[in-house]
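Q: First, the structure itself, so that you have it in front of you.
Protein chains: 2
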Amino acid sequence: MGSLATMDDEDESAPTAETFEGLRSPRLVAFGHLLEGSQRLLALLEADLKASTAMSTSELEVLLRLANSPHHRARPSELADQCVMTSGGTTRLLDRLESQGVIQREPHPTDRRGFVVRLTDDGAERLASVLPGHFDSLERLFWSVLSDEELQSLSDIMRKVRDANR
Amino acid sequence: MGSLATMDDEDESAPTAETFEGLRSPRLVAFGHLLEGSQRLLALLEADLKASTAMSTSELEVLLRLANSPHHRARPSELADQCVMTSGGTTRLLDRLESQGVIQREPHPTDRRGFVVRLTDDGAERLASVLPGHFDSLERLFWSVLSDEELQSLSDIMRKVRDANR
DNA sequence: CAGAGATAAGTGCGTAGACAACTACTTGTC
DNA sequence: GACAAGTAGTTGTCTACGCACTTATCTCTG
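Spelled out as structure tokens, the structure:
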């Protein structure tokens, strides 16, 4: 470890430590935990996913949303919203997925501006092949860490946060 | 709204909806809420930050970590770890911050492989000027959404998640 | 104390995604 | 029914970052 502790004490002229007293308030700490916890979790999930399959978490998320949608179909703008992405980013994400053959864009029956995205049979198979490993990762990195009560609280709390920011 | 409801029912041959029954389990839903909630929150915070100041959340996070560190100093590798970034990404983030004059790299007194990053006086001023707006955003998008108890639960739970994935 | 392995940080390269501008279509309002 | 305003999706451009590799230094073991 370093010898930082040996240096002179507070030789700054402008704002010193006291300026930032509020930084350890429980509310800010709570935000810090949320931020760091979710980022670490996501980073490790992504690493797991890339190691076992050649899929990114964004791609998986789209497939999951489609699998959850009626008739395995959804509009690009819905997916963009659910995945918290811009429409431009979504266009390219869908391009990639379509070139892999796991989704397909169909003309929307009534709105000629846009499309309906469909999970193909290949996409469903692909998803089915990826999910077990992904669930293992979630179990190891997330679910097993918390009790059922904690998991339920977290779910409720984060649903509130999500809804408030929609 | 579309007329998706008028299409044929389940005409797929391969895996149909039943294949993905587990997708609505409370555990997966909990993960979904965490993911979407934190992403939405982060996206809106970032937008707020960019609108009022010309700073990204990553840059702010580094300044915050430094302000919280003893003597306003930390090693790049510590910052990389805390910000959940690779060393390469951190190098460039620090490059940007240093060219703005808000941090400075000093040679480490004992470890000649690396540096100590210091928050400059300008950096402290910059941070002080940015924090009030950021706190307003946090209040509006996050803190005001939850009760004190919920905030505390969330903090505890996410600290567990973070620690488990460190 | 020599040499192996670990660790700090930087670099070239590739890519995902934000942003802004644009087209095409839809939905109001008068 | 025409025109203004809103919405769906795509594209050019730019940038932040991950990944893999390299160099320099540290640390541990025999």
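Protein chains in written order, with the numbering used here: chain A, 1 to 166; chain B, 167 to 332.
Positions of the beta carbon are idealized from the N, C-alpha and C atoms, including for glycine.
The alpha helix (DSSP H) with L119(A) in it runs from where to where?
A: Counting from 1 along the first sequence, the entry for residue 119(A) is found at position 119. First-last for L119(A): 115 to 119, but that is the beta strand (DSSP E), not the alpha helix (DSSP H).
Q: Can you pull the chain B residues whose beta carbon is under 8 Å from the beta carbon of P26(A), in chain order?
A: As a working note, residue 26(A) is residue 26 in the first sequence. Here the neighbours are L317, Q318, S321.
Q: Examine the Cβ distances between the segment 84 to 93 of chain A and the segment 39 to 54 of chain A and report whether three or more of them are shorter than 8 Å.
A: Verdict: no, contact absent.
Q: What residues match up with Q104(A) in a beta bridge as DSSP calls it?
A: By one-based count along the first sequence, residue 104(A) stands at place 104. Looking at the DSSP assignment, Q104(A) forms a beta bridge with R118(A).
Q: Quick one: give me the first and last residue of the alpha helix (DSSP H) that S310(B) is part of.
A: One-based indexing of the second sequence puts residue 310(B) at position 144. Run containing S310(B): none; DSSP gives neither H nor E here.
Q: Pick out the complete beta strand (DSSP E) segments inside the segment 233 to 267 of chain B, 3 residues or longer, and give them in chain order.
A: Qualifying beta strand (DSSP E) stretches: none in this window.
Q: To the nearest angstrom, how far is it from the Cα of R319(B) to the Cα of R24(A)?
A: Indexing the second sequence from 1 puts residue 319(B) at position 153. Indexing the first sequence from 1 puts residue 24(A) at position 24. Note that residue 319(B) is Ser in the sequence shown here, rather than Arg. Taking the straight line from one Cα to the other gives about 17 Å.
Q: Counting only C-beta atoms, is M7(A) closer than 8 Å to chain B at any point?
A: Position 7 of the first sequence, counting from 1, holds the residue named residue 7(A). With a pLDDT of only 41 at M7(A), under 50, the local geometry of the prediction cannot be trusted, and the value read off the model is given with reservation. By this cut-off, M7(A) is an interface position.
Q: By the criterion of Cβ-Cβ separation under 7 Å, what are the contact partners of Q205(B) in chain A?
A: Position 39 of the second sequence, counted from the first residue, corresponds to residue 205(B). Ordered by position in chain A, the residues that pass the 7 Å Cβ test against Q205(B) are V84.
Q: Just curious, the alpha helix (DSSP H) that D48(A) is in, first and last residue?
A: Mapped onto the first sequence, residue 48(A) falls at position 48. Run containing D48(A): 26 to 52, per the alpha helix (DSSP H) assignment.
Q: In chain order, what residues of the same chain have a beta carbon less than 8 Å from the beta carbon of D156(A), not counting five sequence neighbours either side?
A: By one-based count along the first sequence, residue 156(A) stands at place 156. Cβ within range, chain order: n/a, list empty.
Q: Is there a C-beta anywhere in chain B that falls below 8 Å from the one on K50(A)?
A: Indexing the first sequence from 1 puts residue 50(A) at position 50. Not an interface residue.
Q: Candidates H300(B), L200(B), L201(B): which alpha carbon is nearest E225(B)'s?
A: Position 59 of the second sequence, counting from 1, holds the residue named residue 225(B). Here the closest residue by C-alpha is H300(B).
Q: Which residues of chain B have a Cβ atom closer than 8 Å to the Cβ of R166(A), listed in chain order?
A: Within the first sequence, the letter at position 166 stands for residue 166(A). Per Cβ cutoff of 8 Å: R206.
Q: Counting only C-beta atoms, is A196(B) closer than 8 Å to chain A at any point?
A: On the second sequence, position 30 is the one that residue 196(B) refers to. So, interface residue.
Q: What's the gap between the Cα of S52(A) and the Cα of D302(B)?
A: Taking the first sequence and counting its residues from 1, one reaches residue 52(A) at position 52. Taking the second sequence and counting its residues from 1, one reaches residue 302(B) at position 136. Cα-Cα distance, rounded: 42 Å.
Q: For a test of your reading of the model: does the CB of L297(B) fall under 7 Å from any non-hydrogen atom of the ligand HEM? Yes or no.
A: As far as ligands go, the structure on display features none, and thus does not contain the ligand HEM.
Q: Please go through the same chain and pick out, in chain order, the residues whose beta-carbon is closer than 8 Å to the beta-carbon of R241(B), but skip the five residues on each side of it.
A: Looking up residue 241(B) in the second sequence gives position 75. Taken in chain order, the residues that qualify are H274, G280, F281, V282, V283.
Q: Would you please verify whether the beta carbon of V296(B) is less than 8 Å from any beta carbon of chain A?
A: Against the second sequence, residue 296(B) aligns to sequence position 130. No, its Cβ sits nowhere closer than 8 Å to a Cβ of chain A.
Q: Just confirm the distance between the C-beta atoms of H199(B) and R159(A), as a whole number of angstroms; I'd bet it's less than 8 Å.
A: Working through the second sequence from its first residue, we reach residue 199(B) at position 33. Working through the first sequence from its first residue, we reach residue 159(A) at position 159. Indeed, because the Cβ distance is near 5 Å, the residues count as touching under 8 Å.
Q: Short of 7 Å Cβ to Cβ, which residues in the segment 303 to 315 of chain B face chain A?
A: So the list reads L304, L307, F308, W309, V311, L312, given in the order they occur along the chain.
Q: Determine whether the beta carbon atoms of L232(B) and I269(B) lie at a separation below 8 Å.
A: Walking along the second sequence from the start, residue 232(B) turns up at place 66. Walking along the second sequence from the start, residue 269(B) turns up at place 103. A contact, by the Cβ cut-off of 8 Å.
Q: Decide if T257(B) is buried, meaning its Cβ has at least 16 other Cβ atoms within 10 Å, or exposed.
A: Counted from its first residue, the second sequence places residue 257(B) at position 91. Result: exposed.
Q: How is D322(B) classed by DSSP in three states: helix, strand or coil?
A: Residue numbering aside, residue 322(B) sits at position 156 when the second sequence is read from its first letter. Three-state result, D322(B): helix.
Q: Would E202(B) and R40(A) qualify as a contact pair, given that the criterion is a beta-carbon distance under 8 Å?
A: Taking the first residue of the second sequence as position 1, residue 202(B) is located at position 36. Taking the first residue of the first sequence as position 1, residue 40(A) is located at position 40. Their beta carbons are not under 8 Å apart, which means E202(B) does not touch R40(A) by this criterion.
Q: Quick check: is the beta carbon of M221(B) nearer than 8 Å to any beta carbon in chain A?
A: As a first step, residue 221(B) is located in the second sequence; it is residue number 55 there, counting from the start. So, not an interface residue.
Q: In whole angstroms, what separates the C-alpha of D261(B) from that of G267(B)?
A: Walking along the second sequence from the start, residue 261(B) turns up at place 95. Walking along the second sequence from the start, residue 267(B) turns up at place 101. Whole-angstrom Cα-Cα distance: 10 Å.
Q: Would you verify that the beta carbon of A209(B) is, or is not, closer than 8 Å to some beta carbon of chain A?
A: Here residue 209(B) corresponds to residue number 43 of the second sequence, with the count starting at 1. At least one chain A Cβ lies under 8 Å of A209(B).
Q: When burial is assigned at 16 or more other CB atoms within 10 Å of the CB, is G22(A) buried or exposed?
A: Residue numbering aside, residue 22(A) sits at position 22 when the first sequence is read from its first letter. So G22(A) ends up on the exposed side.
Q: Could you tell me which chain A residues have their CB closer than 7 Å to the CB of R156(B), listed as they occur along the chain?
A: Residue 156(B) is absent from the model: chain B starts at 167 and stops at 332.
Q: Among W309(B), L304(B), D314(B), whose alpha-carbon lies nearest the alpha-carbon of L215(B)?
A: Along the second sequence, one-based indexing puts residue 215(B) at 49. Selected option, being the one with the closest Cα: L304(B).
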